[in-house]
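Contents: one structure, followed by commentary.
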Amino acid sequence: MINVSDTSDAIGNYCGFLKPPVIISTSNKLFVRFSTDNLRTEKGFEAKWEAVYPDDISEIQSCGGSSNAETGVIMTPNWPNNYGPNNVCVWVIEVPQGKKVHLTFTHFDLEDVDLFTRACYDYVSTFEERPGHTETHGRFCGTTVPSTIITQGNRIALRFQSDLFTEAKGFRAYWTTDPLTPAPTDAPEPPNPWDDIQIEWPTKCGKPTYPPKINTRIVNGEPAAPHTWPWQVSMQVWPSSRNETIFFHTCGATLIHKNWILTAAHCFINYANELYRWQMCLGKHNLTFVEPTERCFKVLGIYRHELFVYPEIPALEFDIALVKIDGEVVASDVIDFACLPPYDQVLDPNYRCHATGWGDETGNSAAPKVAEALNQVVLPVIPYDTCKTPQYWWFQMKKSMICAGYVLPDELKSVCQGDSGGPLACPSTSQPGTWEVHGITSFGAIGCIMDKKPSVFTRTSAHLDWIDQTIKKDMYDTHSSGCGSARNLYDKKGQLTSMRYPSSYNNDATCLWNILAEEGKVIHLHFNSFVLEGSTICTNDKVVVSDELSYLGTHCGTVLPPDLVSFSNILTVRFQTNSRVVDEGFSASWEIVSPDSIPSLAQCGGNFMADNGVFMSTNWPDGNYPGSTACTWRVAVEAGKKIHIVFTHFELQQHSFIAGCQDYVEIFDGDRGGAINLGQFCGNNIPGMFNTTGNTAVIKFVSNHERHFKGFSGYWTTNLTDVSSLPLRPAKPWNDIIIEWPTNCDTMSSSKINGFSGLHSSQWQFSVQSQTRPFLPFQHTCAGSLIHSEWLLLPAHCIDVNQKLDSWRVCLGHAPEKCFGTDTIIRHENFAYPQTNDHSDDIALMHLSEKVTEVQPVCLPASKEFLLPGELCYWAGWAASNKGGANFANIKEKFQVPIPILSYETCSQPKYWWSELTPSMICAGFESPEKLKSECKNGAEGALFCKSSTEEAWEIQGIASFGPSDCAVVKKPPVFTRVSAYKEWIEDTIQKYTYEKNIS
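Residue numbering for the sequence shown follows full-length UniProt numbering, beginning at 1 and increasing consecutively.
Structural data, given as C-alpha cells:
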C-alpha cells in the first residue's frame, strides 16, 4: 500500500491496479510511504515528483487552483453536473497580509457518509497553517452545508477528494475578505447553439401491434412471442479476429426514434470508434437465420456518456449510450418505438417491469451461450434502500440506477450475458396500455442468478436531459464542422483550419469536415501548417483522415503530414482534442483533382485498369517506406473478370500488444463504401492470395509517424497462368555481377559439431577483430565475421563515419596474428542510431585491401530464414576482461557461450525489449533471470553462429547489436541483427561495389 500525506493531512491510501490521480500538496512538503505484507507481491509502482508553483495547480490537476484575489468562487469539477471519480483537487487562497479569509459554502452535495464505517469517501477539508500546528476543518461530506470558515491568518487551502464510486453534484463556495460584501453570483451559462432545435419524436410509441404474453423468464425460460417487443434491437459486431465480414449479436438495445437507438455504454468498450464494425438489426426474433421481417442498419455515430469511465475505473455509473443509425426507421407491425418515461420518474417498489434479450440461458459465466430466440422476464422493482445495503450491491448502487428482481431465493430470475443494453420496459403509470423504457440493462451477478444480487439497470428517466442534448447536438453538428465553418464542403478547392488558427485551439473539441467531389474525381489534401500536442500513438490531440472505404492516417505533434489523396470522391477530416495542452493548430488546403494525378501528388498509389500490374511501398526495395503515409491502389478491369492479388515481399512494423497494427495493408473486394474488407495485415508474414468477387479492388497502405521498415511488393492479375505478362522491376546495372562466394564455407569435423561438444573459443577463426588507431598504437574496436575472402560483416554502430580508412585494420583471431588493411566501409543507409533510439539496420560491410587465405569464411544463411525458438546457437566474439580490475576495463578477451533463440513474442514483451525489438532482429538468451545473469557478458561483441539445417557447416545468423548496459543488474537478453533479413542487401552492396570498381 502507498500512503500519501503532507503537513496538513493524510491525502490517501492507494493499492491495487488503478493509477492514483495527480496529487499536489498544500504546502512545500509531501510524504510517500510504501508498505507491504508478507504475502504475494506484484510489479510495484513508479511515480515522478516535481516542485511547482501554486499558479500551476489548475493546469496540472485540471481542477483546483491558486488565487491572491480578495473574493472568488470555488466549484467542484463539472459543476453543476456530477463530479467525476478519482479526483484530488487543491485550492490555495492567499489574501493580503492583515486580512482574513471568510469561506462560505452555498451548495453542498457529496456522497453520504458510509452507514457502517462512518467514513467520508468523497469529502472536502480546509487547512490553515498556524505556528506549531495546522488547523483543519472537515472532512465534510453528505448534503449538510458546512458553516462559514474564518481564518486567523491570510491563507487557507482546500482539498477535495473523490473515490472510484461517486455520484453527486459537488459543492460551490465563495471567499471574501469583507463579509458585508454581497455574495458573488455566477454568470448564467451561455445557451448552446443547438438548444432551440426541435426533436421530431414519434407521434405513436409503446403500443405493440402484438401485445406481449407475460409468462416466461430469461434464465431457463421460454421464448417471447414473436414481435411482441417491436422496439427490441440486436446490436451486432464484426470482430477484428475475423477477416471475413461476419456479424455476431453482442448486446441488446431499444428503438426510441426513427434515427436513434438507446443502449448501454459498456457495450462499446471495444470498437467504439470503428463504426463499420457495427450493425443494428430490428424486427428480429430468431438469431439463427435471416428473417423476412428484419431490417439491419449501418451506424453513423456512437455516443457514450462522457462520465462513463469503465473499465479504467470499476464503476458502471452513466452506463448509457445512443447510436445514430444510417437511415430512417418506418414503424410497422413488427418494428416500432418504445416511449421514454417522464422526467426523473422513480418507480414504486414491486412495480412489475419486463426485461427482454437474447442473453445466455444457461447461467454459465465461463461459457455463455446466446439464446436463439428472444426471451422475456418479469422483474419487480426493488427499493433503492434495499439494493444499497451491503448484502445487495452496496456502494455500486446509485440513485441513477434501478434494481429489479426477486428477494426470495426460490423466485430468483435475472438477466444475463448478451442482454446488456437491452430494455427494461414498464407499463406507463399515466397512459394505460403504453410501454416505457425505464431501464437499460447494465450489470448483475456473475453466473446471472445469485441470492441478493438482482439485476441493475441504468435509470432512463435520470438521463433524459443527456439524451435530449446529445441528439440536438448531433443535429447541429450534422451541418457545422465545429471549427467555425460548414461541415460539408462542395467547392472545387478550399481551406480548413482548427478553430481560432493561428491562435490556440480549444480543449475537449471535435471538428469534422466532409469534402465531397463529383463522381469520378478525387480529393487532394495538403497541410500548410501543423502544430498539435504530441503523443506516442496520437492518443491526445490529433487529426484523423479517412475516405469512403476506411482510415487514411492519424497525425499529431509538429511534423507536417505528407500530401494525401482520397481513392474516391469523398474525404473526411476529423480534429479531436483532449482536456490538457493546447497549441497553435493546423491549416490545410484541399482541391478536387483527376485520379490520374494520384501518383504525382501522393508519391504512391493510383488508378489502374490493366489486367495485370505491380504495386509496392514507397522506396521499395532500396530503402524503408516513409512515415505518415497513406497510399491507395484502385484496380478496375473489364466487367466479368476477377482480380487475383498476390504479395511477393512483406515487412511492416509488427503488431503491437497495445495499439494493434500501426503500419498496415488493407485489401477491399470492391471500390465503393461498404466494400468487403478482406483483411488488415502487418508484421512480416506474407499474406495469402486474394480473389475478388467482382471486377474492382482497392489496396490501401497506411503508416504512422514512428518506426518504418522495408515495406512490401506484389502484383495483381486476371490470369494466374500468365504471370510472365506482369511488368518487371527495372534491373540495376550491377544485377548481373556474379559474386565469387567460397565454394566450401566453414565446416568442422563431426567430433566438434556433434552436440556442440569440444568447441572452444579459438576455433571460431572466422570471428575477427577490427581495430582503429585514433592514437597509436591500434586498439580493439569491434568484432566482425569473415563472410568472403575480401569482405567482413560487422555492426554499423562500430563505424565512425568521420574516421579515415587508413586508421582501420582487421586482425585474424589466431596465432600468429595477421592483420589486413581496409579500403571501403559501407554502413546500411537506414541506420540512424544514436541520432534516434532505433537500433534497426545495425549492419555494415568492410572490404579488405587484400584477400584472406588463412581463414575459411563463415556461411551466410538463406534469405528471410527464421530460427525456431529454443534452437541452440553459439555467441562468439570478444567481451570485457574480468582480469586486472578497473585499470584494465578496456581489455577484451575472446569468449564463446551457448545460447538458445527466444521467440519474437517473448522478447517483445514490456519486461524485455518491447517496441525496441523489430522482426529484423534476433533475441537470444534464457527466460530465467538467474540463467540470464549467469550467462551475461558485459560489453560483449561478436556474432551468433548456428549449425546449418542442410549441411555440417556454421552460418552467421546474427550480429551482436545491443543489450542491457549492465546485464548482471538489468536481466534482459542480448539482441542481434538478423543476417537473413539482410541477405539481399549484402549481395546487392557487394555487386554494386564490384560494378563501380570495374567502371572506375
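Glycine included, every Cβ here is placed at the ideal spot set by N, Cα and C.
Taking residue i and residue j to be in contact with their CB atoms under 8 Å, please state how far apart those CB atoms are, rounded to whole angstroms.
i	j	result
Glu94	Asn154	6 Å
Thr470	Tyr303	5 Å
Ser480	Asn528	About 23 Å; that fails the 8 Å criterion.
Arg172	Val124	At roughly 11 Å, the Cβ-Cβ gap does not stay under 8 Å, so Arg172 and Val124 are not in contact.
Ser704	Asp663	The question names Ser, but residue 704 is Asn in the sequence shown. At roughly 6 Å, the Cβ-Cβ gap stays under 8 Å, so Asn704 and Asp663 are in contact.
Tyr490	Leu516	6 Å
Thr106	Tyr53	No, Thr106 and Tyr53 are not in contact; Cβ-Cβ is about 29 Å, not under 8 Å.
Ser8	Thr151	So it is not a contact: roughly 14 Å between Cβ atoms.
Ser442	Ala636	Their Cβ separation, rounded to whole angstroms, is 49 Å, which puts Ser442 and Ala636 out of contact at 8 Å.
Ser504	Glu584	7 Å
Gly138	Leu110	About 11 Å separates the two Cβ atoms, so there is no contact after all.
Trp734	Lys992	5 Å
Compare the C-alpha of residue i against each of the options and name the closest.
i	options	result
Val22	Ile667, Glu50, Thr7, Gly16	Glu50
Ile699	His705, Pro687, Gly206	Pro687
Asp196	Thr356, Asp468, Asn273	Asp468
Gly670	Thr721, Glu548, Asp966, Cys631	Glu548
Ala338	Thr356, Thr434, Phe831	Thr434
Thr950	Gln896, Thr918, Phe668, Leu860	Leu860
Glu128	Lys100, Leu115, Thr106, Met609	Lys100
Thr629	Gln909, Met616, Ile402	Met616
Ile826	Leu805, Gly252, Thr836	Leu805
residue 1047	Cys426, Ala445, Tyr271, Ser430	Only positions 1 to 1000 of the chain appear in the structure, and residue 1047 is not among them; the question remains open.
residue 1008	Phe31, Lys492, Trp238, Gly784	Because the chain in this structure spans residues 1 to 1000, residue 1008 falls outside the shown range and cannot be described.
Asn578	Phe668, Lys324, Asn507	Asn507
Thr822	His828, Phe831, Gln803	Gln803
His438	Gln279, Asn514, Leu262, Thr497	Leu262
Tyr271	Leu110, Glu294, Val237	Val237
Cys782	Ser961, Tyr715, His655	Ser961
Thr510	Gly694, Gly327, Ile667, Tyr476	Tyr476
Glu893	Thr117, Asn744, His780	His780
Thr429	Leu340, Lys213, Pro973, Thr478	Leu340
Glu533	Ile523, Cys556, Leu512	Cys556
Is it buried or exposed, residue i, if we count other Cβ atoms within 10 angstroms and call 16 or more buried?
i	result
Ser923	At residue 923 the sequence reads Cys, which differs from the Ser that was named. Burial call: buried.
Arg242	exposed
Trp590	buried
Cys15	exposed
Glu790	buried
Lys542	buried
Trp914	exposed
Asp333	exposed
Pro720	The residue you asked about is not Pro; residue 720 is Leu in the sequence shown. It is exposed - the Cβ of Leu720 has fewer than 16 other Cβ atoms within 10 Å.
Glu941	buried
Ser234	buried
Phe650	buried
Ile739	exposed
Ser762	Any reading at Ser762 must be qualified, since the residue scores a pLDDT of 45, below 50, and its modelled position is unreliable; the value itself is stated next. Classification for Ser762: exposed.
Thr989	buried
Ala862	exposed
Ile645	buried
Pro342	exposed
Glu666	buried
Length at least 3, wholly inside the stretch 823-874: the beta strand (DSSP E) runs in chain order: At a cut-off of 3 residues, the continuous stretches assigned as beta strand (DSSP E) that sit fully inside the stretch 823-874 are 844-848.
What ranges does the beta strand (DSSP E) occupy inside the stretch 169-209, keeping only unbroken runs of at least 3 residues that lie completely in it? If we require 3 residues or more, the beta strand (DSSP E) runs fully inside the stretch 169-209 come out as 170-176.
Fully enclosed by the stretch 445-507, which alpha helix (DSSP H) runs are 4 residues long or longer? 464-477, all fully within the stretch 445-507.
Taking only runs that begin and end inside the stretch 340-392, name each unbroken beta strand (DSSP E) of 3 or more residues, in chain order. Runs of the beta strand (DSSP E) inside the stretch 340-392: 352-357, 375-382.
Indicate whether the contact test is met: 3 or more Cβ pairs, each with one atom in the stretch 892-904 and one in the stretch 864-872, closer than 8 Å. Taking 8 Å as the limit for Cβ pairs, the verdict is that the stretch 864-872 does touch the stretch 892-904.
Does the stretch 673-680 come close enough to the stretch 598-615 that 3 or more CB-CB pairs lie under 8 Å? No, they do not touch.
Decide yes or no for the touch test of the stretch 839-851 against the stretch 906-920: beta carbon pairs closer than 8 Å, at least 3 of them. Verdict: yes, contact present.
Are there three or more Cβ pairs, one per stretch, closer than 8 Å when the stretch 284-299 is compared with the stretch 321-331? Under the Cβ criterion (8 Å, minimum of three pairs), the stretch 284-299 counts as touching the stretch 321-331.
Is it a yes or a no for the stretch 375-384 touching the stretch 350-358, going by three-plus beta-carbon pairs under 8 Å? The count of Cβ pairs closer than 8 Å, one atom from the stretch 375-384 and one from the stretch 350-358, reaches three, so the stretches are in contact.
Count Cβ pairs between the stretch 706-716 and the stretch 620-627 that sit closer than 8 Å; are there 3 or more? The stretch 706-716 vs the stretch 620-627: in contact.
Are the stretch 173-191 and the stretch 226-234 touching, with three or more C-beta to C-beta distances below 8 Å? Contact between the stretch 173-191 and the stretch 226-234 is absent, because fewer than three Cβ pairs lie under 8 Å.
Can you give, in chain order, each stretch of the beta strand (DSSP E) that sits fully within the UniProt domain "CUB" (63-178) and has at least 3 residues? 65-67, 71-75, 87-94, 102-109, 123-130, 133-140, 155-162, 170-176, all fully within the UniProt domain "CUB" (63-178).
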